[in-house]
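Heads up, the sequence shown is in this note's numbering, so the first residue is 15 and it goes up one at a time.
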Amino acid sequence: PSPKASPPCRPLSHVVFLKTHKTGGSSVVNVLSRYGESRQLRFALPHRYQFGYPAPFRAERVRGFGTGESFDILFDILCHHMRFDLSQVQRVMPNDSFYFSIVRDPGTLGESAFSYFRAAAPAFRRSPSLDAFLASPSRFFRPGARGNHYARNLQWFDFGLPEPRDSQEIPAMLEGLERVFPLVLLAESFDESLVLLRHRLCWPPDAVDLFPHNSRGSARRVSPAQARRLRAWNSLDWALYSHFNRTFWRQAERFGLRRLRREAAEIQR
15 PSPKASPPCR PLSHVVFLKT HKTGGSSVVN VLSRYGESRQ LRFALPHRYQ
65 FGYPAPFRAE RVRGFGTGES FDILFDILCH HMRFDLSQVQ RVMPNDSFYF
115 SIVRDPGTLG ESAFSYFRAA APAFRRSPSL DAFLASPSRF FRPGARGNHY
165 ARNLQWFDFG LPEPRDSQEI PAMLEGLERV FPLVLLAESF DESLVLLRHR
215 LCWPPDAVDL FPHNSRGSAR RVSPAQARRL RAWNSLDWAL YSHFNRTFWR
265 QAERFGLRRL RREAAEIQR
């Protein structure tokens, strides 16, 4: 072997994926499900449709948690929608679990959320159009109204972060999050994200081959003015996305950009 060859790694089988809303997370879940099922790994699944979202995740909502002789049965893979709560996730997942998630520019996510969560979010329901909403969001938005978490800073909410008292607190909160999630994928660079993920997990190349999944087809075009307003309205999400965009490309550069693009082009669809 060449002197540059890195020592073989061991595939990770304890994985937590925080599936955020409208970010392409379903494709990631497909990858995790296929890999885990082919190796008989234990998935942490909800009793019913989901883990009590939008309430924070609780270990008791996992099917099979705390039952039988042993109260310390742990799971291998957790990859559902939830409002993240680290201390509760740690009750069901092993200490050596690898945590990752995915984020998307709120300048496009906001349009997608407006279309998809129209019925669930009063702020969107009361607004005749996205442009009307963006012209004066506070006219339609009532903080704390049931379902309105979909209408503002949805990714911040899904990560379980509290509302900062002022903007000075935001960088420290994001650095804390980075310590929990050593890898956060980018929806806009999905294939490159899968390559970095595969190498972090030490999984084989075919583990990240993709099937078509839940999507609205080609995303509608968001005008530059709409994107600016969406980022301003979702300012916490914009801070979150900007932070993890930087960390992602730092990791990509360490990996090698040419190698990253080459491997991304090899992913089978």
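All residues carry an ideal CB built from backbone N, CA and C; glycine is no exception.
Report yes if the C-beta distance between Leu215 and Phe112 is below 8 angstroms; otherwise report no. Walking along the sequence shown from the start, residue 215 turns up at place 201. Walking along the sequence shown from the start, residue 112 turns up at place 98. Yes.
Measure the alpha-carbon distance for Val2 versus Thr122 and round it to whole angstroms. With the chain represented from 15 up to 283, any question about residue 2 goes unanswered, as that position is not in the structure.
So, with DSSP's three-state summary, where would you put Ile184? Start at 1 with the first residue of the sequence shown, and residue 184 comes out as number 170. Three-state result, Ile184: helix.
Give the DSSP-derived three-state secondary structure of Arg230 in the structure shown. Translated into positions along the sequence shown, residue 230 becomes position 216. Residue confidence for Arg230 is low, a pLDDT of 46 falling below 50, so the modelled location carries little weight and cannot support an answer.
Let's test the definition: count the other Cβ atoms within 10 Å of the Cβ of Glu189 and tell me whether it reaches 16, buried, or not, exposed. Along the sequence shown, read from residue 1 onward, the residue named residue 189 stands at position 175. Exposed: under 16 other Cβ atoms inside 10 Å.
Are the Cβ atoms of Gly187 and Leu175 separated by less than 8 angstroms? If you number the sequence shown from 1, residue 187 lands on position 173. If you number the sequence shown from 1, residue 175 lands on position 161. Correcting the residue type first, residue 187 is Met in the shown sequence and not Gly. Yes; because the gap between Cβ atoms is below 8 angstroms, this pair is in contact.
Identify, in the order they occur along the chain, each residue of the same chain with its Cβ nearer than 8 angstroms to the Cβ of Arg264, setting aside the five sequence neighbours on each side. On the sequence shown, position 250 is the one that residue 264 refers to. There are no such residues.
Might you give, ordered along the chain, the residues of its own chain that have their beta carbon closer than 7 angstroms to the beta carbon of Phe65, omitting 5 neighbours on each side? Mapped onto the sequence shown, residue 65 falls at position 51. Answer for Phe65: Phe71, Arg75, His94 and Met96, listed in chain order.
DSSP three-state assignment for Arg118, whether helix, strand or coil: As a working note, residue 118 is residue 104 in the sequence shown. If DSSP states are grouped into helix, strand and coil, Arg118 belongs with coil.
Put Leu148 into one of helix, strand or coil per three-state DSSP. Here the question's residue 148 lines up with position 134 in the sequence shown. Three-state result, Leu148: helix.
Rounded to a whole number of angstroms, what is the C-alpha to C-alpha distance between Arg139 and Ser115? As a first step, residue 139 must be located in the sequence shown, where it is residue number 125. As a first step, residue 115 must be located in the sequence shown, where it is residue number 101. Answer to the nearest angstrom: the Cα atoms are 29 angstroms apart.
Can you tell me the Cβ-Cβ gap for Arg166 and Asn248, rounded? I've got them flagged as a contact below 8 angstroms. Translated into positions along the sequence shown, residue 166 becomes position 152. Translated into positions along the sequence shown, residue 248 becomes position 234. The Cβ separation is near 6 angstroms, so the contact holds.
Checking the sheet assignment: what are the DSSP bridge partners for Pro60? Position 46 of the sequence shown, counted from the first residue, corresponds to residue 60. In DSSP, Pro60 forms a bridge with Val76.
Candidates His163, Phe89, Asp90 and Arg260: which alpha carbon is nearest Pro196's? Residue numbering aside, residue 196 sits at position 182 when the sequence shown is read from its first letter. Of the listed residues, the one whose Cα sits closest to Pro196 is Arg260.
To the nearest angstrom, how far is it from the Cα of Ala73 to the Cα of Phe171? What you label residue 73 is simply residue 59 of the sequence shown in a count that begins at 1. What you label residue 171 is simply residue 157 of the sequence shown in a count that begins at 1. One C-alpha to the other measures close to 19 angstroms.
Do Leu244 and Leu88 have their CB atoms nearer than 8 angstroms? In the sequence shown, the residue the question calls residue 244 occupies position 230. In the sequence shown, the residue the question calls residue 88 occupies position 74. Going by C-beta atoms, Leu244 is not nearer than 8 angstroms to Leu88.
To the nearest angstrom, how far is the alpha carbon of Thr34 from that of Ser41? Position 20 of the sequence shown, counting from 1, holds the residue named residue 34. Position 27 of the sequence shown, counting from 1, holds the residue named residue 41. Cα-Cα distance, rounded: 12 angstroms.
What three-state label does DSSP hand Val95 in the structure shown? Here the question's residue 95 lines up with position 81 in the sequence shown. A small fix is needed here, since residue 95 is His in this sequence, not Val. Reduced to three states, the DSSP call for His95 is strand.
Under DSSP, the alpha helix (DSSP H) around Phe43 begins and ends at which residues? Within the sequence shown, residue 43 is the residue found at index 29, counting from 1. At residue 43 the sequence reads Val, which differs from the Phe that was named. Start and end: Gly39 to Ser52.
From what residue to what residue does the alpha helix (DSSP H) around Leu271 run? What you label residue 271 is simply residue 257 of the sequence shown in a count that begins at 1. Leu271 to Ala279 is the span of the alpha helix (DSSP H), which, as asked, contains Leu271.
So for Arg212, helix, strand or coil by DSSP? Counting from 1 along the sequence shown, the entry for residue 212 is found at position 198. In this structure, Arg212 counts as helix in the three-state DSSP scheme.
In the DSSP output, which residue or residues are listed as bridge partners for Leu199? Position 185 of the sequence shown, counting from 1, holds the residue named residue 199. Paired residues: Ile116.
With DSSP as the reference, please indicate the residues paired to Phe31 in a beta bridge. Position 17 of the sequence shown, counted from the first residue, corresponds to residue 31. Looking at the DSSP assignment, Phe31 forms a beta bridge with Phe114.
Short Cβ contact (8 angstroms threshold) for Ser27 with Arg48: In the sequence shown, the residue the question calls residue 27 occupies position 13. In the sequence shown, the residue the question calls residue 48 occupies position 34. No. Outside cutoff.
Ordered along the chain, which non-local residues of its own chain (more than five positions away) have a Cβ less than 6 angstroms from that of Arg118? Taking the first residue of the sequence shown as position 1, residue 118 is located at position 104. The residues are Thr37 and Ala201.
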